[in-house]
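Asker: Numbering (UniProt numbering), first residue to last: 1 to 512.
Structure provided below as structure tokens; questions to follow.
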């Protein structure tokens, strides 16, 4: 294959439409004499990276280096970007170091990739420092550099700084685009800063930044959640007039808006409209509608929607079934809920903790705690870990039946979850037990104290110790050891000494 043939291959993309073709082309290029220039290898690496095969690009570049083929600045920039996409910014900075060592001058693209990588890893402060270093060293940020920084600042929740950055962009002669505005608007909306969303939206329109479908969807979703469904519909009409096609997110926002207002017939109409406009509903569309039906106790309609999904070859997911199972249980239709679980399993979906909890809650509502216990045992058998909520449901069920002995045993079983950082949930169940006159013992208190200490909540652990003493429950050596070690570990030495004095005063043996 000649150089001209290589150019034709890249321009037509015939040989680089998939990874297999790209690798075949790479191996063929290595056999050519003379070897193609690094420019052609860079074109191939760019094509492979666009397929998201970042590790492959890194591996192929190493083969070039082993063959003594020098990499160009553009090659290093591609590699740097690949490492960043793989969340390996440490290696990306090593590549940047090599760029400087070889006497190359990195450009804004390289720094933008690094900033995106840091944001992807959640290292937002480092991204800001990198931006400052870049500017201080005389590199001019471009639109994408600012976009990466805005994204990082927004992920930190600092929307006011992001808005200030937009002003700085304009001052430096770099006008923000719709992506920059959308990033900030989306963050403001998620933080329920509706007034600021409106201000930024107006600023965006005044400065002639044309909104795209993504930006409009955010505003439509916001209007729907604020109960302004008519305004949302009007915006959809404007969207269509401007030549922008509403997508599935647009229609889902409208469906959700109608469901929030208990306008289920209107929500159903939107679903039908999707099919008419060639925008196929998804499982999310149906889940929103099914959830709305269940919320307003229209269970029969929700089940009809499930059947309709089958007719349209839309596969229900765990959310679909869990919503129905939860609602059937609440409506005391627990046997139908049990049938729904079996259907779920037959379809290859594994019930979750939420599924089993919903079914157990349904049985307990009907005062059938024995059946709820059977569900609990099935849950364990199928390898699904119970949560504190699971135990709470069963404990409440047994307490209502005055089976305090069984409730107490379940409580002790549940306490192991304190070791999994569920100490707050465990404490809530603990309080329920006390309210039901099932007083926890020294083991219960000790495990709770240990849970608090493991999370660094020493003051909460101390309060539990005083609560024990107030209930005349005698702490043991392990109780004191846990609290003593936690105090020492956090350098609260004076409190540790006072704890020893209290132990001696109350005739407990202090830790050795």
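Positions of the beta carbon are idealized from the N, C-alpha and C atoms, including for glycine.
Keeping to the same chain, check which residues put their C-beta closer than 8 Å to that of residue 332; ignore five residues upstream and five downstream.
Answerer: By 1-based counting over the chain shown, the position of residue 332 is 332. Hits under 8 Å: 362, 365, 366.
Asker: Buried or exposed for residue 100, please, with buried defined as at least 16 other CB atoms from any protein chain shown within 10 angstroms of its CB.
Answerer: One-based indexing of the chain shown puts residue 100 at position 100. The residue in question, residue 100, is exposed, as its Cβ has fewer than 16 Cβ neighbours within 10 Å.
Asker: For the alpha helix (DSSP H) containing residue 81, list its first residue and its last residue.
Answerer: Against the chain shown, residue 81 aligns to sequence position 81. Unbroken alpha helix (DSSP H) run through residue 81: 73-85.
Asker: Using the Cβ count rule (16 or more neighbours within 10 Å means buried), how would you classify residue 237?
Answerer: Taking the chain shown and counting its residues from 1, one reaches residue 237 at position 237. Its Cβ having fewer than 16 others within 10 Å, residue 237 is exposed.
Asker: Between the Cα of residue 212 and the Cα atoms of 178, 223, 201, which residue gives the shortest distance?
Answerer: Residue 212 sits at position 212 when you count from the first residue of the chain shown. Selected option, being the one with the closest Cα: 178.
Asker: Hey, is the stretch 276-285 in contact with the stretch 297-305, meaning 3+ C-beta pairs nearer than 8 Å?
Answerer: The stretch 276-285 is not in contact with the stretch 297-305.
Asker: Spatial neighbours of residue 452 within its chain, please: C-beta separation below 8 Å, excluding the five flanking residues on both sides.
Answerer: In the chain shown, residue 452 corresponds to position 452, counting from 1. For residue 452, where only same-chain residues beyond five positions count, the Cβ hits under 8 Å are 423, 458, 460, 461, 464.
Asker: Within the same chain, show all residues whose beta-carbon is closer than 7 Å to that of residue 155, passing over the 5 residues directly before and after it, in chain order.
Answerer: The residue given as residue 155 occupies position 155 in the chain shown. Within the same chain, residue 155 has close Cβ partners 119, 124.
Asker: Provide the residue span of the alpha helix (DSSP H) that contains residue 331, from first to last.
Answerer: Translated into the one-based positions of the chain shown, residue 331 becomes position 331. First-last for residue 331: undefined, no H or E at that position.
Asker: Considering only the beta carbon of each residue, do residue 279 and residue 267 sit closer than 8 Å?
Answerer: The count along the chain shown starts at 1 and reaches residue 279 at position 279. The count along the chain shown starts at 1 and reaches residue 267 at position 267. Taking 8 Å as the Cβ cut-off, residue 279 and residue 267 do not qualify as a contacting pair.
Asker: Using C-beta distances below 8 Å, list every residue in its chain close to residue 240, excluding the 5 sequence neighbours before and after it, in chain order.
Answerer: As a first step, residue 240 must be located in the chain shown, where it is residue number 240. For residue 240, where only same-chain residues beyond five positions count, the Cβ hits under 8 Å are 246.
Asker: Report the option in 290, 66, 359 whose CA atom is closest to the CA atom of residue 374.
Answerer: Looking up residue 374 in the chain shown gives position 374. The residue with the shortest Cα to Cα distance from residue 374 is 359.
Asker: Pull up the distance between the alpha-carbon of residue 449 and that of residue 442, whole angstroms please.
Answerer: As a working note, residue 449 is residue 449 in the chain shown. As a working note, residue 442 is residue 442 in the chain shown. For residue 449 and residue 442, the distance between alpha carbons rounds to 10 Å.
Asker: Smallest Cα separation from residue 469: which of 62, 492, 502?
Answerer: Working through the chain shown from its first residue, we reach residue 469 at position 469. The shortest C-alpha separation from residue 469 is found at 502.
Asker: Distance, Cα to Cα, residue 270 vs residue 129?
Answerer: Translated into the one-based positions of the chain shown, residue 270 becomes position 270. Translated into the one-based positions of the chain shown, residue 129 becomes position 129. Computed Cα separation, rounded: 47 Å.
Asker: Within a Cβ cutoff of 8 Å, which residues of the same chain sit near residue 115, ignoring the five residues on either side of it in sequence?
Answerer: Mapped onto the chain shown, residue 115 falls at position 115. Cβ within range, chain order: 127, 130, 131, 145, 148, 149, 152.
Asker: Can you list, in chain order, the residues of its chain with a C-beta nearer than 7 Å to that of residue 243? Leave out the 5 residues immediately preceding and following it.
Answerer: Here residue 243 refers to the residue found at position 243 when the chain shown is read from its first residue. Cβ within range, chain order: n/a, list empty.
Asker: For residue 496 and residue 473, what's the separation of their Cα atoms in angstroms?
Answerer: Counted from its first residue, the chain shown places residue 496 at position 496. Counted from its first residue, the chain shown places residue 473 at position 473. If I take the Cα positions, the gap works out to 21 Å.
Asker: Among 160, 175, 207, 202, which one has its Cα closest to the Cα of residue 188?
Answerer: Here the question's residue 188 lines up with position 188 in the chain shown. Taking only the C-alpha atoms, the option nearest residue 188 is 160.
Asker: With a threshold of 6 Å on Cβ separation, who are the neighbours of residue 493 within its own chain once the five nearest residues in sequence on each side are excluded?
Answerer: Start at 1 with the first residue of the chain shown, and residue 493 comes out as number 493. Hits under 6 Å: none found.
Asker: Is the stretch 343-356 close to the stretch 383-401, with three or more CB pairs under 8 Å?
Answerer: Taking 8 Å as the limit for Cβ pairs, the verdict is that the stretch 383-401 does touch the stretch 343-356.
Asker: Work out the CA separation of residue 346 and residue 339 for me, nearest whole Å.
Answerer: One-based indexing of the chain shown puts residue 339 at position 339. One-based indexing of the chain shown puts residue 346 at position 346. Rounded to the nearest angstrom, the two C-alpha atoms are 11 Å apart.
Asker: Express the C-alpha separation of residue 316 and residue 342 in angstroms, rounding to a whole number.
Answerer: Within the chain shown, the letter at position 342 stands for residue 342. Within the chain shown, the letter at position 316 stands for residue 316. Roughly 14 Å separates the two Cα atoms.
Asker: Out of 38, 89, 388, 95, point me to the one whose CA is closest to residue 68's CA.
Answerer: Counting from one through the chain shown, the residue named residue 68 turns up at place 68. When only C-alpha atoms are compared, the closest one is 38.
Asker: On the premise that residue 25 lies in contact with residue 44, defined as a C-beta separation below 8 Å, what is that separation, rounded to the nearest angstrom?
Answerer: What you label residue 44 is simply residue 44 of the chain shown in a count that begins at 1. What you label residue 25 is simply residue 25 of the chain shown in a count that begins at 1. 6 Å between Cβ atoms; contact.
Asker: Tell whether a beta-carbon distance below 8 Å holds between residue 252 and residue 288.
Answerer: Stepping through the chain shown from its first residue, residue 252 is reached at position 252. Stepping through the chain shown from its first residue, residue 288 is reached at position 288. Result yes, Cβ atoms of residue 252 and residue 288 sit closer than 8 Å.
Asker: Is the distance from the Cβ of residue 165 to the Cβ of residue 181 below 8 Å?
Answerer: Reading the chain shown from its first residue, position 165 is the one you call residue 165. Reading the chain shown from its first residue, position 181 is the one you call residue 181. Cβ distance not < 8 Å, so residue 165 and residue 181 don't count as in contact.
Asker: Beta-carbon within less than 8 Å of residue 475's beta-carbon, same chain only, minus the 5 sequence neighbours each way: which residues are those?
Answerer: Sequence index remark: in the chain shown, residue 475 carries index 475 (1-based). Once the five neighbours on either side are set aside, the close Cβ partners of residue 475 are 442, 445, 446, 465, 468, 469, 508.
Asker: Do you know offhand how far residue 387's Cα is from residue 22's?
Answerer: Counting from one through the chain shown, the residue named residue 387 turns up at place 387. Counting from one through the chain shown, the residue named residue 22 turns up at place 22. Their backbone Cα atoms lie some 48 Å apart in a straight line.
Asker: For residue 323 and residue 295, what's the separation of their Cα atoms in angstroms?
Answerer: As a position in the chain shown, residue 323 is number 323, starting the count at 1. As a position in the chain shown, residue 295 is number 295, starting the count at 1. One C-alpha to the other measures close to 9 Å.
Asker: Please name the residue, chosen from 89, 215, 30, 88, that lies closest to residue 532 on a Cα-to-Cα basis.
Answerer: Because the chain here runs from 1 to 512, residue 532 falls outside it and cannot be looked at.
Asker: Using C-beta distances below 8 Å, list every residue in its chain close to residue 275, excluding the 5 sequence neighbours before and after it, in chain order.
Answerer: For the purposes of this step, residue 275 is taken as the residue at position 275 of the chain shown. Excluding positions up to five away in sequence, the list reads 281.
Asker: Can you tell which of 309, 291, 262 has its C-alpha closest to the C-alpha of residue 272?
Answerer: The residue you call residue 272 lines up with position 272 of the chain shown. Selected option, being the one with the closest Cα: 309.
Asker: How far does the alpha helix (DSSP H) with residue 361 in it extend, from its first residue to its last?
Answerer: Taking the first residue of the chain shown as 1, we reach residue 361 at position 361. Segment 353-365, the alpha helix (DSSP H) holding residue 361.
Asker: Reducing DSSP to helix, strand and coil, say where residue 488 ends up.
Answerer: In the chain shown, counting from the first residue as 1, residue 488 sits at position 488. Residue 488: helix per DSSP, three-state reduction.
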